[in-house]
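See below for the structure under consideration.
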Ligand code: NAD
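In the numbering used here, the protein residues as written are 22 to 516.
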């Protein structure tokens, strides 16, 4: 049985732990590897290695740091098929979607290769006579990342490339449910030239996360995952004086106006609601049909019925959920929706997939007549379940969305520029798609979830990540030439 290794001070090492967690193929329940609950001593070793490496890494020329990411992006491209295959085996998403997972992370690596253009400070000459002020963005020290199961390639790549490129060293804790593709990406980072101690990996669940939050030598923590864990991480890391950014759960609404391009809209909605079995933080899990678009319910159902569920490696439309517990939770919430009086138009419970009888499958599920007091509306289901709601007009739809506490993403489908513009201005959500269902920005921007979907001011990757992983030093300098050096004591604050 394969044991997932840790990376400590440049060495891929086995853990001394006695506690191992199974990694299973979600389509079959076959145990494919075991991942350790890293011991406290090993966590301390990883942080100490990162702390030591920081002393030289922070002074390593920025061009040297950037070139590592040029090599790294090439290696990821070369290994794309292998990475997608590993990801699908442990996570369950389709091969095509797994490639997308790797690719969206790869884009951040490409961006990190341009770090010398991103970490540029400011300079103002003659702020007073002969006095110049400049600011530099210096790395913080040891930073840490804690990642979720649903994007085991993209989300680790949101974090360590930008942290390391800006001159920090890093300790990563991948999801214990699917750490294998993350580890393959880490091996490639080492192959690309990340020096020993600059990048370290520890494993496990809550115990490791808490140790990271508490460790006095870690300066910043990036977290992506569920809301209740994210709040815990934000509070615990902040309590010990760390900078923290937590990207958390969601309930994303698609708003459909009757003038929308119908076929395009229905296709995009079905892809965004049910793709990756609904296990995306940007999945559209609620659709608000405005006015006459309320008549499109049967068409939405027909699109969902056309989707094929199978093991990810068969590369159909959607794969299994991550675990039997996730499946049980989603099925329970579907039952709750029925009890609460929502109309179950399509029931994905109990779906059987030939050849994968033990898989964690739930088929596309649709509820109509959902109201905002129902649990299926209030909770993030994180499964292939779409809730349909109605609004008389755009104002009512906007009011409904803004009353929901989450702020990760939303989309409007319309041919009206005026309606789209109003939506964009009035909606209190970080990421807005216009005729585009999952508007995750590319790394020249930053991921910009808001309200209950995010804690901390700065988002991952892009410009905001450069700010998150650095602190600003301002230097005010005056150089005297010999002529000017005869002066007198000045006790006022003027220069
Ligand atoms: P999760 O919160 O269960 O796990 C995330 C990380 O926290 C993992 O590394 C896990 O080991 C650790 N963890 C789990 N329980 C813990 C506990 N009690 N104490 C301390 N640490 C703990 O999340 P998940 O199920 O892996 O991922 C799905 C969630 O992530 C969804 O809510 C989804 O919306 C969210 N997500 C958000 C974004 C975003 O950008 N907003 C992106 C992807 C996923």
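A virtual CB, placed ideally from N, CA and C, is assigned to each residue, including glycine.
> Rounded to a whole number of angstroms, what is the C-alpha to C-alpha distance between residue 469 and residue 475?
Replying inline: Position 448 of the chain shown, counted from the first residue, corresponds to residue 469. Position 454 of the chain shown, counted from the first residue, corresponds to residue 475. In a straight line, the C-alpha of residue 469 is about 9 angstroms away from that of residue 475.
> What's the gap between the Cα of residue 235 and the Cα of residue 60?
Replying inline: Here the question's residue 235 lines up with position 214 in the chain shown. Here the question's residue 60 lines up with position 39 in the chain shown. Whole-angstrom Cα-Cα distance: 15 angstroms.
>> the ligand NAD and residue 231: does the residue's C-beta get closer than 7 angstroms to at least one heavy atom of that ligand?
In response: For the purposes of this step, residue 231 is identified with residue 210 of the chain shown, where counting begins at 1. For the ligand NAD, at least one heavy atom lies less than 7 angstroms from the Cβ of residue 231.
> Can you pull the DSSP bridge partners for residue 191?
Replying inline: Numbered from 1 along the chain shown, position 170 holds the residue referred to as residue 191. Residue 191 is bridged to 164 and 220.
> Between 157, 259 and 38, which lies nearest to residue 494 when the distance is taken from Cα to Cα?
Replying inline: Position 473 of the chain shown, counting from 1, holds the residue named residue 494. With distances taken between Cα atoms, residue 494 lies closest to 157.
> With a Cβ-Cβ cutoff of 8 angstroms, do residue 19 and residue 290 count as a contact?
Replying inline: Lying outside 22 to 516, the shown extent of the chain, residue 19 is not represented and no answer is given.
> Which runs of the beta strand (DSSP E), 3 residues or longer, sit entirely within the region 447-512?
Replying inline: 452-455 and 491-499
> What are the start and end residues of each continuous alpha helix (DSSP H) run of 4 or more residues lying completely inside the region 246-299, in chain order?
Replying inline: 248-260 and 283-295
>> Considering only heavy atoms of the ligand NAD, does any lie closer than 7 angstroms to the CB of residue 245?
In response: To locate residue 245, count along the chain shown from 1; it is residue 224. Residue 245 Cβ: within cutoff of the ligand NAD.
> Measuring CB to CB, does residue 113 end up less than 8 angstroms from residue 48?
Replying inline: Taking the first residue of the chain shown as position 1, residue 113 is located at position 92. Taking the first residue of the chain shown as position 1, residue 48 is located at position 27. Pairing residue 113 with residue 48 gives a Cβ-Cβ distance under 8 angstroms.
> Quick one: what does DSSP say residue 404 is sitting in, helix, strand or coil?
Replying inline: Residue numbering aside, residue 404 sits at position 383 when the chain shown is read from its first letter. Looking at residue 404 - three-state DSSP - the assignment turns out to be coil, as it is neither helix nor strand.
> By DSSP, does residue 140 sit in helix, in strand, or in coil?
Replying inline: On the chain shown, residue 140 is found 119 positions in, with the first residue counted as 1. Note: residue 140 maps to coil in three-state DSSP.
> Cβ of residue 400 versus every heavy atom of the ligand NAD: is any distance shorter than 7 angstroms?
Replying inline: Within the chain shown, residue 400 is the residue found at index 379, counting from 1. Answer for residue 400: no, Cβ out of range of the ligand NAD.
>> Tell me which residue opens and which closes the beta strand (DSSP E) that residue 32 is part of.
In response: Here residue 32 refers to the residue found at position 11 of the chain shown. Taken as a continuous stretch (DSSP letters only), the beta strand (DSSP E) holding residue 32 covers 32-34.
>> At 3 residues or longer, what runs of the beta strand (DSSP E) sit wholly inside the region 68-151?
In response: 143-149
> Any chance the region 482-502 sits against the region 129-147, with 3 or more Cβ pairs inside 8 angstroms?
Replying inline: Taking 8 angstroms as the limit for Cβ pairs, the verdict is that the region 129-147 does touch the region 482-502.
>> Assuming residue 328 and residue 383 are in contact, meaning their beta carbons sit under 8 angstroms apart, how far apart are those beta carbons, in whole angstroms?
In response: Counting from one through the chain shown, the residue named residue 328 turns up at place 307. Counting from one through the chain shown, the residue named residue 383 turns up at place 362. The pair is not a contact, with the Cβ atoms about 12 angstroms apart (cut-off 8 angstroms).
> Taking 7 angstroms as the cut-off, does the CB of residue 408 come closer than this to any heavy atom belonging to the ligand NAD?
Replying inline: Along the chain shown, read from residue 1 onward, the residue named residue 408 stands at position 387. Here the distance from the Cβ of residue 408 to the nearest heavy atom of the ligand NAD is not below 7 angstroms.
>> Taking the alpha-carbon of residue 182 as reference, which of 293, 135 and 22 has the nearest alpha-carbon?
In response: Here the question's residue 182 lines up with position 161 in the chain shown. Of the listed residues, the one whose Cα sits closest to residue 182 is 135.
> So, is residue 204 buried or exposed, given that buried needs 16 or more other C-beta atoms within 10 angstroms?
Replying inline: As a first step, residue 204 must be located in the chain shown, where it is residue number 183. Here residue 204 is buried. Its C-beta has 16 or more other C-beta atoms within 10 Å.
> Going straight from the alpha carbon of residue 381 to that of residue 110, what length do you get?
Replying inline: Start at 1 with the first residue of the chain shown, and residue 381 comes out as number 360. Start at 1 with the first residue of the chain shown, and residue 110 comes out as number 89. Pairing residue 381 with residue 110, the inter-Cα distance amounts to about 13 angstroms.
>> Measuring only the C-alpha atoms, how far is residue 325 from residue 38?
In response: The residue given as residue 325 occupies position 304 in the chain shown. The residue given as residue 38 occupies position 17 in the chain shown. Their backbone Cα atoms lie some 45 angstroms apart in a straight line.
> What do you reckon, is the C-beta of residue 201 under 7 angstroms from a heavy atom of the ligand NAD?
Replying inline: Indexing the chain shown from 1 puts residue 201 at position 180. No - the ligand NAD has no heavy atom lying nearer than 7 angstroms to the Cβ of residue 201.
> Quick one: does the C-beta of residue 227 sit closer than 7 angstroms to a heavy atom of the ligand NAD?
Replying inline: Locating residue 227 in the chain shown gives position 206, counting from the first residue. Because some heavy atom of the ligand NAD lies under 7 angstroms away, the Cβ of residue 227 counts as near it: yes.
> Expressed to the nearest angstrom, what Euclidean distance is found between the alpha-carbon atoms of residue 16 and residue 338?
Replying inline: Residue 16 is absent from the model: the chain starts at 22 and stops at 516.
> Contact between the region 230-246 and the region 87-98: three or more CB pairs below 8 angstroms?
Replying inline: When C-beta atoms of the region 230-246 are compared with those of the region 87-98, fewer than three pairs fall below 8 angstroms, so the two segments do not count as touching.
> Does DSSP classify residue 363 as helix, strand or coil?
Replying inline: For the purposes of this step, residue 363 is taken as residue 342 along the chain shown, with counting starting at 1. Three-state DSSP puts residue 363 in coil, outside helix and strand.
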